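One structure is given below, encoded as structure tokens.
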Amino acid sequence: MNGKKVATLAIEQKMPPRLPVALIAGGEWYVAACGQTFSNIIKSPQQLADIFIKGFETIGQDLLWTGAGLLNYPIHFLGCPIVDDTPASPMLSGTVITNLKELSSLNIERVTNNATMQGIIKSHHLAADAIGRETLIMPTFWGPFTTAARIIGTEKLMLDTITDPKGAKELISFSTELIWTLAEQILVHPNIQGLNISEPVASGDLISPTTFREFVLPSLTQITNRTRALNKYASLHICGNTTRILEDILIIRPDCYSLESKVDLGEARRVLGGKVCVLGNVSPTGSFLTGTAQEVCSEARQCLAAWGKPLGHILTVGCDFPNAVPLANIKALMSFQQQTF
Numbered sequence: 040m041n042g043k044k045v046a047t048l049a050i051e052q053k054m055p056p057r058l059p060v061a062l063i064a065g066g067e068w069y070v071a072a073c074g075q076t077f078s079n080i081i082k083s084p085q086q087l088a089d090i091f092i093k094g095f096e097t098i099g100q101d102l103l104w105t106g107a108g109l110l111n112y113p114i115h116f117l118g119c120p121i122v123d124d125t126p127a128s129p130m131l132s133g134t135v136i137t138n139l140k141e142l143s144s145l146n147i148e149r150v151t152n153n154a155t156m157q158g159i160i161k162s163h164h165l166a167a168d169a170i171g172r173e174t175l176i177m178p179t180f181w182g183p184f185t186t187a188a189r190i191i192g193t194e195k196l197m198l199d200t201i202t203d204p205k206g207a208k209e210l211i212s213f214s215t216e217l218i219w220t221l222a223e224q225i226l227v228h229p230n231i232q233g234l235n236i237s238e239p240v241a242s243g244d245l246i247s248p249t250t251f252r253e254f255v256l257p258s259l260t261q262i263t264n265r266t267r268a269l270n271k272y273a274s275l276h277i278c279g280n281t282t283r284i285l286e287d288i289l290i291i292r293p294d295c296y297s298l299e300s301k302v303d304l305g306e307a308r309r310v311l312g313g314k315v316c317v318l319g320n321v322s323p324t325g326s327f328l329t330g331t332a333q334e335v336c337s338e339a340r341q342c343l344a345a346w347g348k349p350l351g352h353i354l355t356v357g358c359d360f361p362n363a364v365p366l367a368n369i370k371a372l373m374s375f376q377q378q379t380f
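Convert by adding 39 to the 1-based position in the sequence shown; the result is the number in this note's numbering.
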């Protein structure tokens with residue numbers, strides 16, 4: 040049984056024959072491993088696809104987020120400068136708009152008609168052609184709240200949720216449609232069977248559960264419902280400590296939820312077990328980055344012990360990881376694929 044089937048069984052709350060192990064995000068690691076920079080490959084759909092193909096061939100993860108590291112480009116194509124001349128994930132330099140009065144200037148077609156954006160979409164399909172029968176491919180995008188923060192600035196969006204909540208919701212609605220317009224074009228490929236949405240700005244370390252429920256939950260529910268209506272798996276990742284909103288994840292109803300090491304897996308199982316497949320949650324910046332392979336294995340075993348019965352769980356890191364992570368430590372995590380049930 041290949042990795043795609045193993046991951047699929049976990050997502051569907053069925054017992055796989057062995058432990059499913061994934062490596063979420065990781066775009067900058069894949070680019071650095073190939074000796075490239077994002078600016079060198081961004082205009083070539085095949086080179087972009089090859090980054091993820093080579094990553095899978097090197098690591099053999101059961102689930103792969105294609106498009107990792109590329110999440111800021113749609114905002115760039117809206118008009119925000121970007122710095123992408125290193126292997127590190129491209130960073131936006133500034134914002135697209137400075138206040139909500141400029142909302143009418145935003146145009147989704149400016150992104151969808153961009154030739155490089157169309158090339159990025161094609162790269163997902165090329166990767167799926169090559170490896171989509173072997174590993175469970177899930178394209179990844181920023182969520183609506185994070186996209187809105189990238190468009191107007193995180194601090195400004197936070198203030199707008201208080202001073203102009205109606206306007207903030209209009210920007211989030213625009214962001215929802217932008218993301219979905221792009222994702223829908225990618226999801227037509229038969230070997231792409233899911234979509235991941237990442238919401239770092241919706242972190243439990245940044246906003247309250249009340250703010251989450253008013254400004255984040257509705258748009259995430261909308262994208263989740265649209266994804267599942269296409270018979271694709273809906274995946275969600277939220278950074279930071281999200282313990283206080285685990286019950287809200289049940290309202291959103293993703294097929295799988297990726298969480299950071301700040302969340303106790305035992306508590307996650309109590310709330311989500313049997314309902315939502317949980318991905319996690321080895322720290323990407325602890326032993327995984329600076330420790331030994333043995334220390335990575337020790338932390339992974341702690342995660343497995345915290346989750347308990349091996350059902351509805353995929354072992355992986357809790358968030359994106361730096362390109363300086365040693366391959367030996369990644370291989371140590373992947374070695375848990377040998378654990379059979």
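Heads up, the beta-carbon is just placed ideally off N, CA and C, and yes, glycines get one too.
These numbers were taken from a predicted model, which means no experiment stands behind them.
Query	Result
Please classify residue 227 as buried or exposed, where buried requires at least 16 other C-beta atoms within 10 Å of its C-beta.	exposed
Give the C-beta separation of residue 97 and residue 72 to the nearest angstrom, bearing in mind that I take them to be a contact with Cβ-Cβ under 8 Å.	7 Å
Could you give the DSSP three-state label for residue 119: helix, strand or coil?	coil
Note down the Cα distance separating residue 141 from residue 77, rounded to an integer number of angstroms.	30 Å
With a threshold of 7 Å on Cβ separation, who are the neighbours of residue 41 within its own chain once the five nearest residues in sequence on each side are excluded?	173
Give me whichever residues DSSP pairs with residue 235 in a beta bridge.	179 and 274
Across which residues does DSSP place residue 379 in a beta bridge pair?	57
Please report the Cβ distance between residue 243 and residue 300, rounded to the nearest whole angstrom; I am assuming they are in contact, meaning their Cβ atoms lie under 8 Å.	Their Cβ separation, rounded to whole angstroms, is 13 Å, which puts residue 243 and residue 300 out of contact at 8 Å.
Within the stretch 295-358, note down every full beta strand (DSSP E) run reaching 3 residues or more, in order along the chain.	295-298, 316-321 and 352-356
In the DSSP assignment, what residue or residues form a beta bridge with residue 386?	Any property of residue 386 remains undetermined from this structure, which presents the chain solely from 40 to 380.
Report the partner residues of residue 130 according to the DSSP bridge assignment.	122
Using alpha carbons as the reference points, say which of 380, 205 and 116 lies closest to residue 139.	205
By Cβ distance below 6 Å, which residues in the same chain neighbour residue 346 in space, the five residues on each side in sequence not counted?	304, 308 and 352
Would you identify the three-state DSSP class for residue 372, choosing helix, strand or coil?	helix
What would DSSP say about residue 406, mapped onto helix, strand or coil?	What the structure shows of the chain is the stretch from 40 to 380, and residue 406 is not part of that stretch, so it cannot be assessed.
What distance in whole Å lies between the Cβ atoms of residue 290 and residue 256, which are believed to be in contact at a cut-off of 8 Å?	6 Å
Who are the Cβ neighbours of residue 378 in its own chain at under 7 Å, not counting the five residues just before and after it?	57 and 58
Tell me, to the nearest whole angstrom, how far the beta carbon of residue 386 is from that of residue 274; I am working on the premise that it is less than 8 Å.	Residue 386 is absent from the structure shown; the chain starts at 40 and stops at 380.
Specify, as a first and last residue, the run of the alpha helix (DSSP H) that residue 287 falls within.	285-291
Can you tell me the Cα-Cα spacing of residue 198 and residue 208, whole angstroms?	12 Å
What do you get for residue 85, buried or exposed, if any count of 16 or more other CB atoms within 10 angstroms of its CB means buried?	exposed
In its own chain, which residues sit with a C-beta less than 6 Å from the C-beta of residue 338, not counting the 5 before and 5 after it?	321 and 326
Can you tell me whether residue 402 is buried or exposed, with buried defined as 16 or more other CB within 10 angstroms of its CB?	Only positions 40 to 380 of the chain appear in this structure, which leaves residue 402 out of reach.
Would you call residue 54 buried or exposed, if buried means 16 or more other Cβ atoms sit within 10 Å of its Cβ?	exposed
Which word fits residue 49, buried or exposed, when buried means at least 16 other C-beta atoms lie within 10 angstroms of its C-beta?	buried
Please name the residue in 363, 162 and 112 whose C-alpha comes closest to that of residue 150.	112
Could you give the residue range of the alpha helix (DSSP H) that holds residue 252?	Here residue 252 belongs to no alpha helix (DSSP H), and DSSP marks it neither H nor E.
Leaving out five residues on either side along the sequence, give the residues of the same chain with a beta carbon under 8 Å from the beta carbon of residue 335.	321, 326, 327, 368, 371 and 372
Please state whether the Cβ-Cβ distance between residue 232 and residue 272 is less than 8 Å.	yes
DSSP has residue 62 in a bridge; who is on the other side?	103
Would DSSP call residue 44 helix, strand or coil?	helix
Do residue 117 and residue 145 have their C-beta atoms closer together than 8 Å?	yes
Quick check on residue 82: buried or exposed, where buried means 16 or more other Cβ atoms within 10 Å of its Cβ?	exposed
Can you tell me whether residue 354 is buried or exposed? The criterion is at least 16 other CB atoms within 10 Å of its CB, across all chains shown.	buried
Can the beta-carbon of residue 190 be found less than 8 Å from the beta-carbon of residue 135?	yes
On a Cα-Cα basis, can you pick out the residue from 74, 63 and 75 that is closest to residue 95?	63
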